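Asker:
Number of protein chains: 2
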Amino acid sequence: MSLIVHKYGGTSVGTPEKIKNVARRVKKVKDQGDQVVVVVSAMGHTTDELIDLMNQVTDSPDPREYDMLVSTGEQVSAALLAMALQASGCPAISLTGGQAGVVTEDIYKKARIKEIKLDRIKEELKENKVVVITGFQGEDSKGDIITIGRGGSDTSAVAIAAALKADVCDIYTDVDGVYTTDPRIVPEARKLKYISYEEMLELASLGAQVLHPRSVECASIYNMIIHLRHSQKEVDGTFIMSPAQILKEVGKMEKQEAVRGIALDENIAKIGLLRVPDRPGIAARIFGALAKEKINVDMIIQSIHSSGQFADMAFTVDKPELKKALEVAEKIAAELKAEGVVHDRDVAKVSLVGIGMVSQPGTASKMFETLAEAKINIQLISTSEIKISCVVKAADGKKAVQLLHKAFNLDKIIQ
Amino acid sequence: MSLIVHKYGGTSVGTPEKIKNVARRVKKVKDQGDQVVVVVSAMGHTTDELIDLMNQVTDSPDPREYDMLVSTGEQVSAALLAMALQASGCPAISLTGGQAGVVTEDIYKKARIKEIKLDRIKEELKENKVVVITGFQGEDSKGDIITIGRGGSDTSAVAIAAALKADVCDIYTDVDGVYTTDPRIVPEARKLKYISYEEMLELASLGAQVLHPRSVECASIYNMIIHLRHSQKEVDGTFIMSPAQILKEVGKMEKQEAVRGIALDENIAKIGLLRVPDRPGIAARIFGALAKEKINVDMIIQSIHSSGQFADMAFTVDKPELKKALEVAEKIAAELKAEGVVHDRDVAKVSLVGIGMVSQPGTASKMFETLAEAKINIQLISTSEIKISCVVKAADGKKAVQLLHKAFNLDKIIQ
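Residue numbers (the numbering used here), protein chains in the order written: chain A, 38 to 452; chain B, 38 to 452.
Written out as structure tokens, the structure reads:
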């Protein structure tokens with residue numbers, strides 16, 4: 038008998054009919070003799086509708102009341118799913134985050150989960166029930182309802198699965214799994230059977246929207262296997278697990294592909310500070326000021342100027358934050374007596390991801406060659422142990438992905 | 038400094054604009070230096086919409102999941118009202134029934150309130166906040182969400198007011214108060230300034246839809262003054278209180294009107310069992326069988342037949358229950374070898390209510406005379422200490438009310 042956690046997103050529970058579909062799916066697993074815990078998001082656009090109501094009442098909502106308000110969305114879908122399960126003859130009970138023992142920090146809207154007290158969940162499982170839990174929320178030490186921020190329901194599911202030592206956490210979405218790259222850009226993109234937490238984390242933060250990085254991080258800490266799969270299809274999706282677990286699954290991994298996925302992020306803009314005096318503490322000044330304004334900076338490249346006394350600083354930010362970031366940059370540039378600030382919205386970031394890269398040093402040069410042959414100019418480069426990212430002209434982004442996908446034989450990947 | 042409990046029904050919080058109106062009203066009271074606790078219902082048709090979703094998922098909903106589902110409606114309006122108050126510069130916090138310490142029996146959908154643990158409410162009041170509490174719900178010993186059935190939010194408000202020893206419980210609705218009779222039937226109907234719990238209870242169960250009998254009963258136990266008033270008007274409505282409290286308010290009550298209100302119930306049907314053998318236990322057989330089918334029987338009249346060996350049994354039920362009641366009656370009649378069963382849908386019940394009646398024996402005969410003069414035939418009569426009800430032809434109902442209203446000078450009532 039296995040213990041399995043399912044997570045269904047808002048689209049999968051968007052209508053009563055879809056909720057009944059989910060119930061059928063869950064019941065099937067239950068009927069095989071497994072124990073099932075289900076974590077659900079709010080139905081379809083419920084959360085947006087609640088926020089719309091809120092905006093008609095106030096333009097500066099109290100975070101506590103925000104949580105009180107939006108948490109109702111998951112409560113509705115959890116109760117409906119429990120009812121649908123019962124109607125199909127499958128014993129079930131719904132629990133709020135608080136009832137399920139999900140204890141969070143005392144921070145509204147974006148708390149992290151502190152612990153999960155399993156008594157109630159275990160008691161209900163023992164009574165042979167499917168336990169349906171509201172995602173995205175828990176309770177703080179005062180008994181107040183707390184939501185856990187972006188990507189919340191995925192994280193709830195993984196955390197609950199980890200606490201329960203579940204065999205696997207099935208996350209149902211509207212995609213088939215994780216692909217070597219976006220199939221809309223490269224029709225030959227292949228679905229990966231396995232991907233490591235680290236690779237998934239990189240892909241997720243590089244723009245692959247399938248799973249929130251936070252839930253992957255949580256899974257990696259507890260070695261919780263995530264099975265990302267399509268809610269309307271019976272076939273396997275992609276298993277997200279540790280390299281050791283993958284090794285166990287595939288038998289031998291003597292020669293894994295160096296590159297496992299390619300991500301394209303077209304939502305970035307580039308900012309450059311030219312001829313900044315090169316002395317200690319400069320980077321801290323610049324990026325400290327940006328952090329204070331809560332601007333997320335991604336790539337940072339500092340290039341030493343030929344004179345040795347100056348450096349050029351370049352970094353990327355998300356496009357919507359460009360305006361704010363430029364204001365900060367201009368101010369800092371003036372203070373530092375830098376030569377000026379330049380920026381470019383027409384850029385895209387192409388990234389290769391794969392934990393095999395670290396042992397195959399030729400990867401970077403092959404990437405640069407491939408782009409050079411196609412006369413795609415590289416504006417910025419940054420590398421990590423499992424990732425190489427290049428910023429190129431926006432117009433070259435998709436082409437770069439297509440060429441690299443072929444060059445690294447990702448269209449022939451089998452696992 | 039007074040402590041006041043406000044209760045707003047679904048219509049009063051039906052839109053964001055109306056919620057802002059309520060916030061203005063509450064703030065005004067708060068600004069006068071009073072402490073305010075607000076109990077809210079779900080917005081407009083929210084509960085019906087949730088039930089509609091539910092019906093699409095199952096036709097036999099689990100009561101526990103039903104409570105989990107519908108309780109979200111009040112949570113939404115409570116959070117929105119707290120936000121609206123804050124936006125208007127008035128410190129506020131919303132609490133679920135459970136958070137507010139409303140402890141109920143362990144019975145889903147129709148629990149009674151067992152106690153109210155006041156710690157959290159008092160703590161928030163001390164911090165100078167308006168406390169907004171979800172009506173209609175509490176938490177059981179397991180921490181599960183429980184709704185408290187029909188008339189729930191009114192009862193929540195009264196119970197919370199009683200526990201807090203509030204000075205008054207203001208129940209805001211879309212009517213001006215309690216009238217001597219339905220103003221749609223008698224344009225001269227007067228708004229009562231005061232009415233006793235007992236009278237209000239009778240009027241409420243006789244079809245005056247303004248307040249649920251259960252909340253009146255709760256108020257009477259704790260002598261909690263209810264001020265029933267219009268949510269869009271500043272004028273006083275009707276105060277519902279004990280005769281002693283009324284006496285204190287009006288100074289002297291030497292000669293109170295015997296009749297304080299007239300109710301018309303057109304939603305009834307009459308059933309008669311003819312020539313039932315008159316022996317002990319017969320009534321128990323008939324009404325036991327009806328009770329078993331959960332059919333609410335109202336008036337019961339047993340008339341002894343001239344022979345002395347038989348009795349006619351007549352009773353009234355709500356129209357929608359007539360069919361079911363007839364089936365039971367036919368069956369019992371056959372068993373008892375009664376002569377037959379008759380029924381009549383075209384009836385209405387006219388009732389006079391007033392605690393002064395008990396000391397003014399002429400009331401009943403004046404009622405009968407008034408109806409007789411207008412050639413209105415009385416089919417059934419039943420009396421209690423503070424009420425006289427007559428069943429008449431449906432077509433005569435409104436006319437009877439109009440005549441009686443005039444005959445008892447209710448159009449000249451001043452308090």
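We treat Cβ as the ideally placed atom computed from N, Cα and C, and that holds for glycine.
If you're wondering where the values come from, they're calculated on a predicted model, not measured in any experiment.
Specify the secondary structure class of residue 174 of chain A as computed by DSSP and reduced to three states.
Answerer: If DSSP states are grouped into helix, strand and coil, residue 174 of chain A belongs with the strands.
Asker: In three-state DSSP terms, what is residue 312 of chain B?
Answerer: DSSP places residue 312 of chain B in strand when its eight states are reduced to three.
Asker: What separation, rounded to the nearest whole angstrom, lies between the Cα atoms of residue 328 of chain A and residue 65 of chain A?
Answerer: Those two C-alpha atoms are separated by around 49 Å.
Asker: Could you pull out every residue in the same chain whose Cβ sits closer than 7 Å to the Cβ of residue 93 of chain A, ignoring the five residues on either side in sequence?
Answerer: Here the set comprises nothing.
Asker: How is residue 443 of chain A classed by DSSP in three states: helix, strand or coil?
Answerer: Three-state DSSP puts residue 443 of chain A in a helix.
Asker: Tell me which same chain residues have a C-beta within less than 7 Å of the C-beta of residue 302 of chain A, skipping the five on either side of it?
Answerer: Contacts found: 243, 244, 385 and 386.
Asker: Since residue 339 of chain B is in the alpha helix (DSSP H), which residue starts that stretch and which ends it?
Answerer: Looking at the DSSP string, residue 339 of chain B is not in any alpha helix (DSSP H); the run it does join, the beta strand (DSSP E), is 334-341.
Asker: Would you say residue 102 of chain A faces chain B, with C-beta separation under 8 Å as the test?
Answerer: Yes - at least one Cβ of chain B is within 8 Å of the one on residue 102 of chain A.
Asker: In chain A, what lies closer than 7 Å to residue 109 of chain B by C-beta?
Answerer: What residue 109 of chain B touches in chain A: 109, 112 and 113.
Asker: To which residues does DSSP link residue 242 of chain A through a beta bridge?
Answerer: Looking at the DSSP assignment, residue 242 of chain A forms no beta bridge with any residue, so it has no partner.
Asker: Helix, strand or coil, according to DSSP, for residue 76 of chain B in the structure here?
Answerer: Residue 76 of chain B falls in the strand class under three-state DSSP.
Asker: Could you please tell me which residues of the region 41-64 of chain B, in chain order, have their CB closer than 9 Å to any CB of chain A?
Answerer: Here the close residues are 52, 53, 54, 56, 57 and 60.
Asker: Is residue 427 of chain A helix, strand or coil when you go by DSSP?
Answerer: DSSP places residue 427 of chain A in strand when its eight states are reduced to three.
Asker: Given that residue 136 of chain A touches chain B, what residues does it touch there, using C-beta distances under 8 Å?
Answerer: Within 8 Å Cβ-Cβ: 180 and 181.
Asker: Around the Cβ of residue 470 of chain B, are there at least 16 other Cβ atoms within 10 angstroms (buried) or fewer (exposed)?
Answerer: Shown here, chain B extends from 38 to 452; a query on residue 470 of chain B therefore has no answer.
Asker: If you draw a straight line from the alpha carbon of residue 271 of chain A to that of residue 153 of chain A, how long is it in whole angstroms?
Answerer: The straight-line gap from Cα to Cα measures roughly 31 Å.
Asker: Within the 8 Å Cβ cut-off, does residue 121 of chain B reach chain E?
Answerer: Protein chains A and B are contained in the structure displayed, whereas chain E is not.
Asker: For residue 141 of chain B, list the residues DSSP reports as bridge partners.
Answerer: According to DSSP, residue 141 of chain B bridges with B:150.
Asker: Mind pulling the beta strand (DSSP E) runs of 3 or more residues that sit fully within the region 357-433 of chain A?
Answerer: The qualifying runs are 377-381, 384-390, 417-421 and 424-430.
Asker: Spell out whether any CB of chain A is found under 8 Å from the CB atom of residue 261 of chain B.
Answerer: Not one chain A Cβ lies under 8 Å of residue 261 of chain B.
Asker: So what's residue 255 of chain A in DSSP terms, helix, strand or just coil?
Answerer: Residue 255 of chain A falls in the helix class under three-state DSSP.
Asker: Can you name the residues of chain B whose CB is closer than 8 Å to the CB of residue 95 of chain A?
Answerer: Per Cβ cutoff of 8 Å: 120, 121, 123 and 124.
Asker: Do the region 65-81 of chain B and the region 115-133 of chain B make contact, defined as three or more Cβ pairs closer than 8 Å?
Answerer: Yes, the region 65-81 of chain B touches the region 115-133 of chain B.
Asker: Would residue 317 of chain A pass as an interface residue toward chain B - the criterion being a Cβ-Cβ separation below 8 Å?
Answerer: Not closer than 8 Å to any Cβ of chain B, the Cβ of residue 317 of chain A fails to qualify, so no.
Asker: Whether or not the region 160-176 of chain A and the region 193-212 of chain A are in contact is what I'm after, with contact meaning three or more pairs of Cβ atoms, one per stretch, closer than 8 Å; do they touch?
Answerer: Segments in contact, yes.
Asker: Which two residues bound the contiguous alpha helix (DSSP H) that contains residue 325 of chain A?
Answerer: Unbroken alpha helix (DSSP H) run through residue 325 of chain A: 319-329.
Asker: Rounded to whole angstroms, how far is the Cβ of residue 185 of chain A from the Cβ of residue 177 of chain A, which I believe are closer than 8 Å?
Answerer: With 8 Å as the limit, residue 185 of chain A and residue 177 of chain A do not qualify as a contact, their Cβ atoms being about 11 Å apart.
Asker: Determine, using beta carbons only, whether residue 167 of chain B and residue 129 of chain B come nearer to each other than 8 Å.
Answerer: Contact: yes.
Asker: Whose C-alpha, out of A:446, A:106, A:126 and A:101, is nearest the C-alpha of residue 97 of chain B?
Answerer: Selected option, being the one with the closest Cα: A:126.
Asker: Between residue 394 of chain A and chain B, is any beta-carbon pair separated by less than 8 Å?
Answerer: Closer than 8 Å: no.
Asker: For residue 179 of chain A, tell me which candidate among B:156, B:382 and B:179 has the shortest Cα-Cα distance.
Answerer: Nearest of B:156, B:382 and B:179 to residue 179 of chain A, Cα basis: B:156.
Asker: Check for me: the beta strand (DSSP E) holding residue 42 of chain B runs from which residue to which?
Answerer: Its beta strand (DSSP E) spans residues 40-45.
Asker: Mind checking residue 314 of chain A: buried by the 16 CB within 10 Å criterion, or exposed?
Answerer: Under this definition residue 314 of chain A is an exposed residue.
Asker: Rounding to the nearest angstrom, what Cα-Cα distance links residue 233 of chain B and residue 213 of chain B in this structure?
Answerer: The alpha-carbon atoms of residue 233 of chain B and residue 213 of chain B are separated by roughly 17 Å.
Asker: Just checking: is the beta-carbon of residue 98 of chain B within a distance shorter than 8 Å of some beta-carbon in chain A?
Answerer: For residue 98 of chain B, the answer is yes, since a Cβ of chain A falls inside 8 Å of its Cβ.
Asker: Along chain A, which residues have their Cβ under 9 Å away from the Cβ of residue 131 of chain B?
Answerer: Under the 9 Å cutoff, chain A gives 101, 102, 105 and 106.
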